[in-house]
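Just below is one structure, and these are the notes that go with it.
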Amino acid sequence: MGPSEACVSEVADKLNRSESAVSHHIRILRMKGLVRWRRSGKAIYYVLKRLFSLRIIRNCWMNMTEMTEFVL
1 MGPSEACVSE VADKLNRSES AVSHHIRILR MKGLVRWRRS GKAIYYVLKR
51 LFSLRIIRNC WMNMTEMTEF VL
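Just so we're aligned, residue 1 is where the sequence shown starts under the UniProt record's numbering, counting upward by one.
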């Protein structure tokens with residue numbers, strides 16, 4: 001894979017979310033065929049299959065964050 005791959009802990013750190021939450025969402029993305037993965041020792045590295053998938057996820061995340069801030 002390439003430089004855009006990351007393990008769950010790296011994604012969790014970047015998004016400031018728990019590893020369990022990130023792992024749950026990545027599992028869904030895997031089931032939908034939106035990510036590729038590879039195992040290296042105990043770590044599993046993920047990468048989005050298409051750039052547009054990243055844009056969709058970012059937009060969804062931004063909308064969820066805005067909605068959460070509005071409710072709080």
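Even glycine gets a Cβ: it sits at the ideal position worked out from N, Cα and C.
Practice problem: Look up Val8 in the DSSP assignment and give the residues it is bridged to. | Solution: DSSP output for Val8 lists no bridge partner at all.
Taking contact to mean 3 or more Cβ pairs, one atom from each stretch, closer than 8 Å, check whether the region 12-19 and the region 38-52 are in contact. A contact between stretches requires three or more CB pairs, one per stretch, nearer than 8 Å, and the region 12-19 fails this requirement with the region 38-52.
**Request:** Output the boundary residues of the beta strand (DSSP E) element that contains Ser40.
**Result:** Segment 35-40, the beta strand (DSSP E) holding Ser40.
Please list, in chain order, all residues of the same chain as Glu5 whose beta carbon is under 6 Å from its beta carbon, the five residues on each side excluded.
Spatial neighbours of Glu5 in its own chain (CB-CB distance under 6 Å, excluding positions within 5 residues in sequence) are listed in chain order as Tyr45, Val47.
Residues near Ala43 by beta carbon distance below 7 Å, same chain, minus five either side:
Shown here for Ala43: same chain residues with a beta carbon closer than 7 Å to its own, the five before and five after excluded, namely Cys7 in chain order.
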